[in-house]
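Single-structure report; data block below.
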Amino acid sequence: MKLADMLSYADIGQLSRIATTYQCECNGNSKNELIQSILSTVNRKEVFEAQIGALKLEDLRFMNSLLFDAREAFSLEELIARVQQSKFGSSGGQQNVAAESPAGVGSGTAPPARKSGTKAQAPKRAAKSKAAKDRPEPESGPRETISRFKQYGWLFNGYAGPERYLFQVPSDLKERFKQSMERRLSAEVVYADEEPFAYRDEQMLIGEDIGHLLTYIHLNEVPLTSEGTMYKRSIVQLLEMFGVKEPLPGKGEWRFGYGRKIKDYPNRFSLLYDYCYYKGWIAEHDELLELTASGKERQALRTTEAPDKLYQFWLRLYKGPIPNIRSLVYWIDKLGAKWVKAETVMGTLTPYVKPFFYDQSETILEQRLIGMMMHLGMLRIGEHAEHGQVIRMTPLGRTIVAGLSLDDEAIVLNS
Numbered sequence: 001m002k003l004a005d006m007l008s009y010a011d012i013g014q015l016s017r018i019a020t021t022y023q024c025e026c027n028g029n030s031k032n033e034l035i036q037s038i039l040s041t042v043n044r045k046e047v048f049e050a051q052i053g054a055l056k057l058e059d060l061r062f063m064n065s066l067l068f069d070a071r072e073a074f075s076l077e078e079l080i081a082r083v084q085q086s087k088f089g090s091s092g093g094q095q096n097v098a099a100e101s102p103a104g105v106g107s108g109t110a111p112p113a114r115k116s117g118t119k120a121q122a123p124k125r126a127a128k129s130k131a132a133k134d135r136p137e138p139e140s141g142p143r144e145t146i147s148r149f150k151q152y153g154w155l156f157n158g159y160a161g162p163e164r165y166l167f168q169v170p171s172d173l174k175e176r177f178k179q180s181m182e183r184r185l186s187a188e189v190v191y192a193d194e195e196p197f198a199y200r201d202e203q204m205l206i207g208e209d210i211g212h213l214l215t216y217i218h219l220n221e222v223p224l225t226s227e228g229t230m231y232k233r234s235i236v237q238l239l240e241m242f243g244v245k246e247p248l249p250g251k252g253e254w255r256f257g258y259g260r261k262i263k264d265y266p267n268r269f270s271l272l273y274d275y276c277y278y279k280g281w282i283a284e285h286d287e288l289l290e291l292t293a294s295g296k297e298r299q300a301l302r303t304t305e306a307p308d309k310l311y312q313f314w315l316r317l318y319k320g321p322i323p324n325i326r327s328l329v330y331w332i333d334k335l336g337a338k339w340v341k342a343e344t345v346m347g348t349l350t351p352y353v354k355p356f357f358y359d360q361s362e363t364i365l366e367q368r369l370i371g372m373m374m375h376l377g378m379l380r381i382g383e384h385a386e387h388g389q390v391i392r393m394t395p396l397g398r399t400i401v402a403g404l405s406l407d408d409e410a411i412v413l414n415s
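When we follow the UniProt record's numbering, the leftmost residue of the sequence shown carries the number 1, and every step to the right adds one.
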């Protein structure tokens, strides 16, 4: 639903709180006047932009996590978890750790009394000056954050039945928030006026290498170690056949979380292998890697695997370590509409990437996102005389992210 619809279902108490937040001047006893005044104020670009500009980084992360979720409604527990997950790697998040105690989550219940010192503290609390009482407490806990977003008119409860316990973001505000965020992020990056003198483009190669992998297994006996891993000889032979060469993982290198075989094989190779395994085309048994019946049928077709299918699989595979992967891909797509300095994209988006164990935010963005998007044929990486490394979305990548049909005749993949 849009904001106007949600306002019409909201009670007069919530409308009054929203109107107070935006300093609306209207009859507070008239629901219709409250709604009209709120809509008139919120729809003013400068007001909305000011609200966005005043948000802390963790608030931006929280809202960003809601914008790209396929679901339209969230429970209070889900929202609380998202607020807590949005506080990472920043001074604001560190400062708010103490506020996450039961006393600071706005639950309406008093904190348990301490066994010692309680009586001595009571007079101090009672003796606070009127000015101290009137001073608003900073809102830092998850429930306070959710309450603040409700006062902005960005979150609404359902109005009937079980839905009254769920929260939604107005659909029109979602789009406005995306547009505002795009302007904000675009202002932080540096674009190149000219084409780079060289760039790397892997469009369609990964789909072709699916066929190379299946054909290799079809024509060769591929032995596996007792741990179910191909021997180095087989891996090297396959890498020679592939359109993209990758170095083997180093001994003792930290690798887990990004797929079933990421610990054993190079990043791109691992994605190909996992894709074929989960499709049911290859099987590991008796220390041999073989094609299944469906794998033999797929190999006989000798067709290139559709890149959008590989993209969707990659999203699902990497969503565990990178929960907001869809939003990050979206912003890379928007910032990479033309050649942009990679370093500035990294600096702009790194604050929105949560570290995953020993994988730092910069590593995740560079290797797990930008690097893999290049392997999927969605992104070009070039070298520019003035700006150094630059990146740009391919027509194929922009089409996939937009969710459009790859059969569209207007798409020119090599432009």
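Every residue gets a Cβ at the ideal spot worked out from N, C-alpha and C, and that includes glycine. Please read these numbers as outputs of a predicted model, since none were measured by experiment.
Start-to-end residues for the beta strand (DSSP E) that takes in residue i
i: Gly388; result: Gly388 to Met393
i: Phe242; result: Unbroken run through Phe242: none, as it is neither H nor E.
i: residue 432; result: Because residue 432 is not part of the residues shown, which for the chain are 1 to 415, the question remains open.
i: Phe167; result: Leu166 to Gln168
i: Leu379; result: Leu379 to His384
i: Tyr199; result: Ala198 to Arg200
i: Ile282; result: Ile282 to His285
i: Leu34; result: Note, Leu34: premise wrong, no beta strand (DSSP E); alpha helix (DSSP H) at Lys31 to Val42.
i: Glu290; result: Leu288 to Leu291
Proximal residues to residue i (C-beta, below 6 Å), its chain only, five neighbours per side dropped
i: Ala192; result: Trp339, His384, His387 and Val390
i: Phe74; result: Phe167
i: Met241; result: His212
i: Ser65; result: Arg82 and Asn324
i: Arg125; result: Bear in mind that the predicted position of Arg125 carries a pLDDT of just 38, short of 50, making it too unreliable to give a figure here.
Own chain partners of residue i with C-beta closer than 8 Å, once the 5 adjacent residues on each side are dropped
i: Glu33; result: Cys26 and Asn27
i: Thr21; result: Gln151, Tyr152 and Gly153
i: Thr303; result: Gly211
i: Glu366; result: Met346
i: Ile235; result: Leu248, Tyr265 and Phe269
i: Cys276; result: Ile210, Leu213, Leu214, Ile282 and Gly295
Residue i burial status per 10 Å Cβ neighbour count (16 or more: buried)
i: Arg268; result: buried
i: Tyr311; result: buried
i: Pro247; result: exposed
i: residue 431; result: In the structure as shown, the chain begins at 1 and stops at 415. Residue 431 is therefore absent and cannot be evaluated.
i: His285; result: exposed
i: Ala19; result: buried
i: Ala70; result: exposed
i: Ser327; result: buried
Sequence-distant residues of its chain with Cβ nearer than 7 Å to residue i (five each side left out)
i: Glu72; result: Gln168
i: Ile217; result: Ile282, Leu289, Glu290 and Leu291
i: Met230; result: Val222, Leu224 and Leu289
i: Asp274; result: Gly259, Arg260, Lys261 and Leu317
i: Thr215; result: Gln299
i: Asp172; result: Lys2 and Leu3
Anticipated Cβ contact below 8 Å, residue i with residue j, distance rounded
i: Ile35; j: Ser8; result: 6 Å
i: Asp209; j: Gly243; result: 6 Å
i: Gly336; j: Leu379; result: 7 Å
i: Pro307; j: Leu376; result: 6 Å
i: Thr145; j: Phe62; result: 7 Å
N-terminal and C-terminal residue of the alpha helix (DSSP H) that residue i is part of
i: Leu79; result: Leu76 to Gln85
i: Leu185; result: Ser171 to Ser186
i: Trp331; result: Ile325 to Leu335
i: Ser226; result: No alpha helix (DSSP H) holds Ser226; DSSP gives it neither H nor E.
i: Ile210; result: Leu205 to Leu219
Discussion item. Counting beta carbon pairs with one atom in the stretch 183-190 and one in the stretch 339-348, are three or more of them shorter than 8 Å?
Written reply: yes
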